[in-house]
């Protein structure tokens with residue numbers, strides 16, 4: 171799989187505002203936030219798109235989602251609400267080809283899905 175900006179962040183080759191890390195994933199603030207809180211959760215295991223995650227590795231997606239929920243709870247906005255999003259390929263809005271989950275919150279987000 172080609173090296174992405176996320177790999178460079180994981181390898182500490184470029185700086186990022188890292189808010190969480192464990193042996194399986196890393197989370198950092200998005201450099202172009204779309205909400206007051208916009209954190210990216212990235213697995214350290216390589217999958218270019220959601221389509222590339224085999225069923226026997228589905229736990230990777232669950233870890234991203236539960237880490238995002240823990241972060242929202244710890245930051246105090248879980249009860250008021252938040253959104254998690256995963257983009258897949260170009261038409262889905264994916265620009266970095268290493269799977270990642272966006273956590274957006276900290277304010278009312280409005281309706282989802284407006285083109």
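Numbering (the numbering used here), first residue to last: 171 to 285. Ideal placement from N, C-alpha and C gives every residue a C-beta, glycine not left out. All values reported here derive from a predicted model rather than from experimental measurement.
Between residue i and residue j, how many whole angstroms is the CB-CB distance? I'm expecting something under 8 angstroms.
i	j	result
residue 234	residue 211	5 angstroms
Report the option in the options whose CA atom is closest to the CA atom of residue i.
i	options	result
residue 254	261, 279, 246, 244	279
residue 192	242, 246, 237	237
residue 187	232, 261, 225, 202	202
residue 194	175, 229, 200, 185	229
residue 262	227, 221, 245, 204	221
Tell me where the alpha helix (DSSP H) around residue i begins and ends.
i	result
residue 234	229-245
Three Cβ pairs or more, each shorter than 8 angstroms: is that satisfied between the region 215-222 and the region 268-282?
A contact exists between the region 215-222 and the region 268-282.
Restricting to runs no shorter than 3 residues, where is the beta strand (DSSP E) found entirely within the region 171-234?
Here the runs fully enclosed are 188-191, 195-199, 207-213.
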